[in-house]
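Mind the numbering: the sequence shown is residues 246 to 586 in the working numbering, read in order.
C-beta atoms are modelled at their ideal positions from N, C-alpha and C, and glycine is treated no differently.
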Amino acid sequence: MIYLRVLAASAAVLSLTMSFVSEAAANGEVNVYTYRETKLIQPLFDAFSKDTGIKVNVVSASSGLEQRMKAEGANSPADVLLTVDIGRIDEAVQAGVTQPIKSEVIDKVVPAQYRDPDGHWAGISMRARVIYASKDRVKQDKITYEELADPKWKGKICIRSGQHIYNNALFAAYAAKYGEAKAEEWLRGLKANLAQKPSGGDREAARDVAAGKCDIGIGNTYYWALMMNNDPEKKPWAEATRVILPTFEGGGTHVNLSGVLLAKNAPNKANGIKLIEWLVSEQAQQMYADQNYEYPVRSGVAVNATIAGYGKLGPDPLPIAKIAANRKAAASLVDKVGFDN
Ligand SMILES: [Fe+2]
Numbered sequence: 246m247i248y249l250r251v252l253a254a255s256a257a258v259l260s261l262t263m264s265f266v267s268e269a270a271a272n273g274e275v276n277v278y279t280y281r282e283t284k285l286i287q288p289l290f291d292a293f294s295k296d297t298g299i300k301v302n303v304v305s306a307s308s309g310l311e312q313r314m315k316a317e318g319a320n321s322p323a324d325v326l327l328t329v330d331i332g333r334i335d336e337a338v339q340a341g342v343t344q345p346i347k348s349e350v351i352d353k354v355v356p357a358q359y360r361d362p363d364g365h366w367a368g369i370s371m372r373a374r375v376i377y378a379s380k381d382r383v384k385q386d387k388i389t390y391e392e393l394a395d396p397k398w399k400g401k402i403c404i405r406s407g408q409h410i411y412n413n414a415l416f417a418a419y420a421a422k423y424g425e426a427k428a429e430e431w432l433r434g435l436k437a438n439l440a441q442k443p444s445g446g447d448r449e450a451a452r453d454v455a456a457g458k459c460d461i462g463i464g465n466t467y468y469w470a471l472m473m474n475n476d477p478e479k480k481p482w483a484e485a486t487r488v489i490l491p492t493f494e495g496g497g498t499h500v501n502l503s504g505v506l507l508a509k510n511a512p513n514k515a516n517g518i519k520l521i522e523w524l525v526s527e528q529a530q531q532m533y534a535d536q537n538y539e540y541p542v543r544s545g546v547a548v549n550a551t552i553a554g555y556g557k558l559g560p561d562p563l564p565i566a567k568i569a570a571n572r573k574a575a576a577s578l579v580d581k582v583g584f585d586n
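Here you go:
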């Protein structure tokens, strides 16, 4: 059974490789593996192809892409990997399937705190981890992450699993700033304030605020905009809440990245770098801002109006690489305090 499954898996990898090889013979192509939904990024690839004449072949999956690249090894057709969150970005680097992106354009356009010091990844756009506050029950306009552990919020907070990558990065940022002992204390306080066992996704936090189960939910910036503008069924969840951009005391708002990586064995490396550079162009950055509701990483590109309505984002200056370095510690603390129990 196991043998058959392995066989089937390698056959699938093989056929994928072969189809890429035959197509790649025509030159002028780039192969993208992406965790991002095709419908979100296809318009970007179409615009890139129109601009450069380079054809983009896309493999989209919700998990396992770095393992696939590892299994394909030197024969991997992948040139570029697109993913969200420093957690998945870091996993790809740890899997050893990437190489440094050597690009003056990337170094110039992407601020240093949103790039790997070793060049293995670069942020293309940002999202912030924020508060969906009940319009009726939350009066304050400002909030700190530290305050989420204040007993005044007892029984009032809804959040998804503490082991989800979005929370893992937030908790890792806390640990990076204050050390593990303080992070543990804070997590215990936050856990004590939860209205219910961590569950659902970010949208469901808004749903539960709308239903009166909690006063504040924790979620990413783009989900609220998607519910409000693109999802009539969930629009009431957004309408019952407003977004507050929290900050760390003496710091800014926790942000995470949509990132891009260059595959270690990229057969079309030059085109891969062209695509990566194009993704931080003004045109691409504007598309990211308006279609994905993310914050552009390139300065001077306008934030989407709904996102701008949250107020002015002051991103936490903590380098994303420091957050990545604390991911494991944060995951252990979540287990230690029984956050998800
Ligand atoms: Fe998401």
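Between the beta-carbon of isoleucine 334 and the beta-carbon of leucine 506, is there less than 8 Å?
yes
I believe proline 560 touches valine 500 by the beta-carbon criterion, under 8 Å. Please report the beta-carbon distance rounded to the nearest angstrom.
5 Å
Tell me whether asparagine 475 sits in a helix, a strand or coil according to DSSP, three-state version.
helix
Aspartate 363: buried (16+ other C-beta within 10 angstroms of its C-beta) or exposed?
exposed
In this structure, does DSSP put isoleucine 404 in helix, strand or coil?
coil
Quick check on the DSSP output: the alpha helix (DSSP H) that includes asparagine 516 runs from which residue to which?
514 to 524
Proximity below 8 Å, CB of lysine 573 to CB of alanine 421:
no
Residue closest to threonine 279, alpha-carbon to alpha-carbon, out of Glu311, Ala547 and Ile463
Glu311
Euclidean distance between Cα positions of asparagine 475 and tyrosine 538
11 Å
Who are the Cβ neighbours of arginine 332 in its own chain at under 7 Å, not counting the five residues just before and after it?
Reading off the sequence shown, one finds glycine at residue 332, where the question assumed arginine. Cβ within range, chain order: Ile410, Asn413, Ala414 and Arg572.
Report the three-state DSSP secondary structure of glutamate 274 (helix, strand or coil).
strand
Pull up the distance between the alpha-carbon of lysine 557 and that of aspartate 386, whole angstroms please.
13 Å
Would DSSP call valine 266 helix, strand or coil?
Here the model assigns valine 266 a pLDDT of 46, short of 50, so the residue's position is not dependable, and the following value carries that caveat. Looking at valine 266 - three-state DSSP - the assignment turns out to be helix.
What residues in its chain sit with their C-beta under 7 Å from that of aspartate 401, if we drop five residues either side in the sequence?
Per the sequence presented here, residue 401 reads as lysine, with aspartate not at that position. For lysine 401, where only same-chain residues beyond five positions count, the Cβ hits under 7 Å are Asn438, Ala440, Cys459, Asp460 and Ile461.
Three or more C-beta pairs below 8 Å linking the region 517 to 531 and the region 339 to 359
yes
Which of helix, strand or coil does DSSP assign to lysine 581?
helix
With a threshold of 7 Å, establish whether the CB of asparagine 413 neighbours any heavy atom of ligand 1.
no
Can you name the start and end residues of the alpha helix (DSSP H) that serine 294 belongs to?
283 to 297
Within the continuous beta strand (DSSP E) that includes threonine 551, where are the two ends?
Segment 550 to 553 is the alpha helix (DSSP H) holding threonine 551; no beta strand (DSSP E) there.
Taking the beta carbon of glutamate 484 as the centre, do at least 16 other beta carbons fall within 10 Å, making it buried, or is it exposed?
exposed
Within its chain, find whatever has a CB closer than 6 Å to the CB of alanine 323; leave out the 5 residues flanking it on each side and keep chain order.
Asn276, Tyr278, Met314 and Ala508
Let me check understanding here. Comparing Cα to Cα, which of Leu471, Thr486 and Leu435 lies closest to isoleucine 376?
Thr486
Is it true that the CB of leucine 326 sits closer than 8 Å to the CB of alanine 337?
yes
What did DSSP end up calling valine 383 once you bin it into helix, strand or coil?
coil
Given 7 Å as the limit, tell me if valine 354 has its C-beta closer than that to any heavy atom belonging to ligand 1.
no
Secondary structure at leucine 502, three-state DSSP: helix, strand or coil?
strand
Any non-hydrogen atom of ligand 1 within 7 Å of asparagine 465 CB:
yes
Proximity winner among Gly407, Pro345 and Gly504, relative to aspartate 580 (alpha-carbon distances)
Gly407
For tryptophan 431 and isoleucine 489, what's the separation of their Cα atoms in angstroms?
20 Å
Following a CB-centred definition, is valine 329 positioned closer than 7 Å to any heavy atom of ligand 1?
yes
From Gly424, Ala456, Ile463 and Lys427, pick the residue whose C-alpha is nearest to that of proline 443; which is it?
Ile463
Unbroken alpha helix (DSSP H) run spanning leucine 432, endpoints:
425 to 437
Going by DSSP, name the residue or residues bridged to tryptophan 366.
Leu506
Excluding five sequence neighbours on each side, which residues of the same chain lie with their C-beta closer than 6 Å to the C-beta of valine 304?
Tyr278
Could you check which residue in Asn320, Asp296, Val301 and Asn302 has the C-alpha nearest to that of asparagine 510?
Asn320
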